[in-house]
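J.:
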Ligand code: FAD
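Numbering (UniProt numbering), first residue to last: 1 to 466.
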């Protein structure tokens, strides 16, 4: 029987980061993954392939709509769909190879197979060729999540698909109905709309990306609509049917008015659920909550003291960087270190174009909780950098405590918002005031200057550039 200090189950961003940190701290570490490649959802069918396709389709769209303005003449712009998907797969392969390298470098034992608990201290790992038992002093469960659906909509992976199947299509779809206007829904909509697929989004809420500050979703709605996406809000889908070479969705609005749509594919993007299948948790004292997520207590410890859980499988923000932080926290906790995660300072990002990024409180939250705030909002249309690149859609908005100037929330829709939000995270984490933020120097011309002006406005100083 093999014995380890720490065994990590699942090799997504939660699992591989936990394993690396554990190994760095000197623990004999194993990582168990049932698939051939490491990296989990994020690397194989999530963050990385979607960003590869978002980049490819963004270039395609720029070539169509902006190159002319830049004085670049192309006679014909053609899409090679298979090549675009091949590049996406190559990007994924480079990343998974990078993870293999990191496991070797850190002397982490990689075990392939499905892990399931025999009891609180032993797991068996079942692969095609063999079944082995291992023991570890500590276990870290990082088994992630799988797409969920809604009643009446059965994902058949043929015509009624999820983001996973959409990432391995053989041909460009002519039409697609996307159920859900959250992060995954709008990213998938952007990918396909940009290459000429007729895309409709059906969203139950009254706004896109409805968990973020509402102004972001409203602005994104206008931009995506302008680009040709048919967006229908307040729509409750209650049935989807595979018709062979197409699929049909039936839905009704809040007044009960019935409607239906047919498309080559129906893509379900209504959220994800914890993946604990085959884990044998019934043989342990690990508890699940009412929604099926693994219940964790302080420092991500489950009800069993030597078993920890991290990432999507415990719920909360289903984000790779949240899983990564938890991986580090658990490894360091086992090591006796004190570590803390500020969950309200984890940024949310949407990789549409323009990108959307947010950290801290939304205006809706502050209003609801009677917390006073000042708003500083600066449009990208007034940014010299944005004019140079013709990326003038969007704004940077900061919400600031009127008395002490503490930065309460930062919400950006605009070019490179995903990178800009990092300074917002620093501002929040170290409780820097809006004045501190506008007194520092921002390189000119950059998109980040939109934040400097937003901080100036929120502090009552008045922006320099508007
Ligand atoms: P996962 O990445 O899901 O990894 C879990 C791993 O555990 C899997 O490899 C699975 O095979 C393995 N496993 C499960 N059970 C067992 C078992 N019993 N034995 C052995 N192995 C097992 N997040 C971002 O932050 N940024 C993004 O841009 C982003 N884009 C996304 C786009 C899409 C389309 C999707 C679907 C998700 C995206 N996410 C993004 C979310 C992100 O992918 C997840 O939050 C992240 O992967 C969660 O990491 P994890 O380690 O908890 O689990």
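C-beta: ideal position from N, C-alpha, C; glycine also.
(1) When the Cα atoms are used, what is the spatial distance from residue 214 to residue 25?
(2) What runs of the beta strand (DSSP E), each 3 residues or longer, lie entirely inside the segment 211 to 245?
(3) Helix, strand or coil: which one does DSSP assign to residue 258?
(4) Does DSSP put residue 138 in a helix, a strand or coil?
(5) DSSP three-state label for residue 58, please.
(6) Could you tell me if the beta carbon of residue 54 falls within a distance shorter than 7 angstroms of some heavy atom in the ligand FAD?
(7) Only counting the same chain, and skipping five residues up and downstream in sequence, which positions put a Cβ closer than 7 angstroms to that of residue 173?
(8) Is residue 340 helix, strand or coil when you go by DSSP?
(9) Write down the C-beta distance between residue 311 and residue 303 rounded to the nearest angstrom, noting that I regard them as a contact closer than 8 angstroms.
(10) Please name the residue or residues paired with residue 122 in a DSSP beta bridge.
(11) Taking the beta strand (DSSP E) that residue 371 falls in, what are its first and last residues?
(12) Looking only at its chain, what residues have a beta carbon closer than 7 angstroms to the beta carbon of residue 389, apart from the 5 residues adjacent to it on each side?
(13) In whole angstroms, give me the CA-to-CA distance for residue 110 and residue 241.
(14) Ordered along the chain, which non-local residues of its own chain (more than five positions away) have a Cβ less than 7 angstroms from that of residue 187?
(15) How would you write the range of the beta strand (DSSP E) that residue 198 sits in, first residue to last?
(16) Quick check: the segment 291 to 302 against the segment 120 to 131, are there 3 or more CB pairs under 8 angstroms?
(17) Is any heavy atom of the ligand FAD found at a distance shorter than 7 angstroms from the C-beta of residue 343?
(18) Any heavy atom of the ligand FAD within a distance shorter than 7 angstroms of the CB on residue 359?
(19) Confirm the yes/no value for this check: CB of residue 145, any heavy atom of the ligand FAD, distance under 7 angstroms.
(20) Do you know how far the Cα of residue 181 is from the Cα of residue 201?
(21) May I have the straight-line CA-CA distance separating residue 243 from residue 45, to the nearest angstrom?
(22) Thinking C-alpha only, which one of 81, 63, 357, 84 is nearest residue 74?
(23) Indicate whether residue 297 and residue 316 have their beta-carbon atoms separated by less than 8 angstroms.
(24) Comparing alpha-carbon positions, which option in 56, 393, 34 lies nearest residue 226?
(25) Buried or exposed for residue 159, going by 16 or more other Cβ atoms inside 10 Å?
(26) Please confirm whether residue 427 and residue 410 have their CB atoms less than 8 angstroms apart.
T.: Walking through what the data contain:
(1) 43 angstroms
(2) 230 to 232, 235 to 242
(3) strand
(4) strand
(5) helix
(6) It does not: the Cβ of residue 54 is nowhere closer than 7 angstroms to a heavy atom of the ligand FAD.
(7) Contacts found: 192, 197, 264, 265.
(8) coil
(9) That pair is no contact at about 18 angstroms.
(10) 135
(11) From DSSP, residue 371 is part of no beta strand (DSSP E); its letter is neither H nor E.
(12) 415
(13) 42 angstroms
(14) 50, 54, 350, 351, 352
(15) 198 to 202
(16) A contact is defined here as three or more CB-CB pairs under 8 angstroms, and the segment 291 to 302 fails this definition with respect to the segment 120 to 131.
(17) no
(18) no
(19) yes
(20) Each residue's alpha carbon lies about 6 angstroms from the other.
(21) 26 angstroms
(22) Closest by alpha carbon: 63.
(23) no
(24) 393
(25) buried
(26) Closer than 8 angstroms, so yes.
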